[in-house]
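Worksheet: the structure to be examined is printed underneath.
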Amino acid sequence: MKDGFRQAMAWLHTWTGLIFGWLLFAIFLTGTLAYFKDEISHWMQPEIPARSVSSEASLALAQDYLQQHAPGASRWLIDLPSAREPGLSVRWQQLPAKQGERGQFTEKRLDPQTGTEVQGRETRGGEFFYRFHFQLQMPYPWGRWLSTIAAMVMFIGLITGIITHKKIFKDFFTFRPRKGQRSWLDGHNAVGVLVLPFHLMITYSSLVIFMSMVMPASILASYKGDVRAFFDDVFPASSVPELAGKPGQLAPMAPLLERAREQWSGGRVQRLTVNNPGDANASVVLVRDGADRVVHDVSSAVTFNGVTGQLLSSTPQQPVAMAIAGSFYGLHMGRFASPVVRWLYFIFGLASTALIGTGLVIWLGKRQLKHAKSAVMPFELRLVEVLNIASMSGLTVAVAAFFWANRLLPVEMTNRSDWEVNSFFIVWGLSVIHAMVRRGRSAWVEQLALAAFLFCAVPLLNALTTPYHLGTTLPQGDWMMAGFDLACLVSGLFLAWAAWKMQRSGQVPVATRQRAKPITLEREAN
Amino acid sequence: MKVKTRSLPVSYRLAVTSRVLAAVVGGYVVAALASVSLTMWLPMPRAEAVVTGMMTSFLVYLCAVLWCFACRSAWQAWLGVIVPSGVLAALSGVAYWLGQS
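So the protein sequences, as listed, match chains L and X.
In this text, residue positions in the first sequence follow my numbering: the first is 1, and each later residue adds one.
In this text, residue positions in the second sequence follow my numbering: the first is 527, and each later residue adds one.
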């Protein structure tokens, strides 16, 4: 029975992995890119200067700006700049025209040093990858459901993989290079075992993030269907005083930052909300920065009276269950990560992507061997091959196209950010057609070579279209801009190597047909 | 499940489909009921019990899916999700009734 059990688990591993593999590959690759979403956004909006200014100074500028431009607003929201997100953004909400309606929001980005408005080119930046990896460009809530289902399948795939793979540590030390199918399997096992805790954490935490959406039964049962009451319990809102109706002069808010830090024993403020700024009962809610610690707690905030500066309330400590859920959330998002840890996240994310990619290649390779002698491949194998090519090399070409569109589309174009996204999907769609038209190996080589060219040329394109190229960013030590260019260059070289490997292994006779190298491609597909 | 893809009998295909349904639908029902009964029985404040129940439910789902493919027949797969569902539903029902009275 024991052997039968393992075989059943291997069957489950094989088929769940195949059916969801392509979707999971795209989710993991874009999710990995999202770890650098602020850096990507910065590169895609180079007009917005990166400056290190103290929070106090930028808050004072934001307060001046809002007092001049939106004195009568019902609410101000100020997002302070951080090391990764250089922009100072202010938003304000008008008093609603009618009772019960939502007032209109206006958003402006300010230069944190001078307080003047800055206008970046219209783009979704790194936010696009972040949103795509759990919404899949689908209307709410379908994309979230589909990606959560994919996460559950990934979870099953990981556990069945562990069960199937009996000699987990012994096999880990066997890597047989240049053995075709065996090397792929060894690589799949190694990359799976090596970062197994990461695979498990990232997969399970994605389920925890959307648990109240996909598993609401217990909320409905114990709150008698009142979902809002549950969220009020989990995220206690700061109580905000009512409008006094008398005008009041808002005190300078910068000193409040220091007092919030005392409350949180050193924690940073990310966002300030000022309610009824012109009123005697104005209140200021300071929300703690998520980058402060691993455990994520969206509602961690302190509230002050805006006129007198008196401390009104501060949210209580999270209970244990919420702290556990919050730490899964925080671990998944990695907002707390320092640059080194962020790179580790990125590399581990690529390892997960490679795990999925190698699995897909192995599935096809095993079955192709049987048909190596015949000229035509059965339809289902050809389908898998086309989907493998388009979902792996095609996706990397599409990512490069997204960056190219950012630099090539005219800055004043209408719906510019939509067209960037469109170019991503158009190129991805074209890669499917290309994979259908060309033979398997040629399609791999050509798409990898194209991706390699596009990535290698990103620094050049940047130099031709903007003044923020490596020649100026490197001497200035602007590592955010220079890092992006360099990462693209390295990815491009890696893809070129992959294309070359693929080309060469194609010249070896049919016995080693399936020695494509997409594993390397996703490893460096920034 | 050792049979190769070529020329599979219809009965085998139906059995696999049945297992898949048992795993996806039955597994979800077991997981959801497990989260409800945990929420009802855990000696914790309500919101914490709900969060704990939801977090645990995915592990229950995982086990249910593994069972559906590990057992000997599709009938056993269904039995393996229906019996726990019944027990968990009864447990939640009792807790609900105790809470009402």
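Ideal Cβ placement from N, Cα and C applies to all residues, glycine included.
Residues of the stretch 546 to 558 of chain X with a C-beta less than 8 Å from any C-beta of chain L: Ala557 and Ala558, listed in chain order.
Closest in C-alpha terms to Met211 of chain L, from the list X:Ser561, X:Leu547, X:Val551 and X:Leu540, comes X:Ser561.
Approximately 4 Å separates the beta-carbon atoms of Arg91 of chain L and Leu77 of chain L; this is inside 8 Å, confirming the contact. The distance from the Cβ of Arg441 of chain L to that of Met502 of chain L is about 7 Å, consistent with a contact at the 8 Å cut-off.
CA-CA distance, Ala451 of chain L to Asp485 of chain L, rounds to 15 Å. Three or more Cβ pairs closer than 8 Å define a contact, and the stretch 534 to 549 of chain X falls short of that threshold against the stretch 476 to 492 of chain L. Inside the stretch 273 to 357 of chain L, DSSP marks whole beta strand (DSSP E) runs of 3 or more residues at positions 283 to 288, 301 to 305 and 311 to 314, from first to last along the chain. One finds Met152, Phe155, Ile156 and Ile159 in chain L with Cβ atoms closer than 9 Å to the Cβ of Leu588 of chain X, taken in chain order. The beta carbon of Ser54 of chain L is closer than 7 Å to none in its chain, skipping five residues each way along the sequence. Annotation: Gly103 of chain L to Ala73 of chain L spans about 9 Å, alpha carbon to alpha carbon. With respect to the 8 Å criterion, Ala590 of chain X and Gly619 of chain X are not classified as neighbours on the basis of their beta carbons. Ala435 of chain L and Ala496 of chain L have their alpha carbons spaced roughly 18 Å apart. In the three-state reduction of the DSSP assignment, Phe105 of chain L falls in the strand class, which pools E and B.
Among the CB atoms of chain X, one or more fall inside 8 Å of the CB of Val208 of chain L.
With respect to chain L, the C-beta atom of Val620 of chain X has no partner C-beta closer than 8 Å. Inclusion of Asp289 of chain L and Gly267 of chain L in the CB contact set at 8 Å is warranted, their separation being smaller than that value. If you draw a straight line from the Cα of Val269 of chain L to the Cα of His188 of chain L, it is about 43 Å long.
For Val542 of chain X, there is no enclosing beta strand (DSSP E); the residue is found in the alpha helix (DSSP H) stretching over Val536 to Leu547. Rounded to whole angstroms, the separation of the alpha carbons of Pro177 of chain L and Ser183 of chain L is 5 Å.
Here Arg75 of chain L carries a strand assignment [DSSP, helix/strand/coil]. For Val576 of chain X, the secondary structure class from DSSP, reduced to helix, strand or coil, is helix.
For the stretch 233 to 276 of chain L, the continuous beta strand (DSSP E) assignments of 3+ residues that do not extend past its boundaries occur at 269 to 275, in sequence order.
Taking a Cβ-Cβ threshold of 7 Å, none of the residues of chain X is close to Phe379 of chain L; the smallest such distance is about 13 Å. If you look at Ser89 of chain L, you'll find it isn't in any alpha helix (DSSP H); it sits in the beta strand (DSSP E) that goes Leu88 to Gln93.
Counting C-beta atoms within 10 angstroms of its own C-beta, Gly21 of chain L has 16 or more neighbours from the protein chains shown and is therefore classed as buried. Between Phe328 of chain L and Tyr130 of chain L, the gap from beta carbon to beta carbon reaches 8 Å or more.
DSSP, read as helix, strand or coil, puts Glu412 of chain L in coil.
Its chain contains Ser561, Leu564 and Thr565 as the residues whose beta carbon lies nearer than 6 Å to that of Gly579 of chain X, once the 5 sequence neighbours on both sides are disregarded; these appear in chain order.
Between the stretch 350 to 369 of chain L and the stretch 377 to 388 of chain L, the count of Cβ pairs shorter than 8 Å is three or higher; the stretches touch.
Taking a contact to require three or more Cβ pairs closer than 8 Å, the stretch 457 to 471 of chain L and the stretch 416 to 424 of chain L do not qualify as touching. Excluding sequence positions up to five before and after Tyr345 of chain L, its CB lies within less than 7 Å of the CB of Tyr35, Gly334 and Ala337, all in the same chain and listed in chain order. A contact between stretches requires three or more CB pairs, one per stretch, nearer than 8 Å, and the stretch 593 to 602 of chain X fails this requirement with the stretch 232 to 250 of chain L. At least 8 Å separates the CB of Thr543 of chain X from every CB of chain L. A distance below 8 Å separates the beta carbons of Leu286 of chain L and Val302 of chain L. A contact between stretches requires three or more CB pairs, one per stretch, nearer than 8 Å, and the stretch 61 to 68 of chain L meets this requirement with the stretch 110 to 121 of chain L. Taken in chain order, the members of the stretch 556 to 581 of chain X whose beta-carbon sits within less than 8 Å of a beta-carbon on chain L are Ala557, Ala558, Leu559, Ser561, Val562, Leu564, Thr565, Met566, Met570, Pro571, Arg572, Ala573, Glu574, Ala575, Val576, Val577, Thr578, Gly579, Met580 and Met581.
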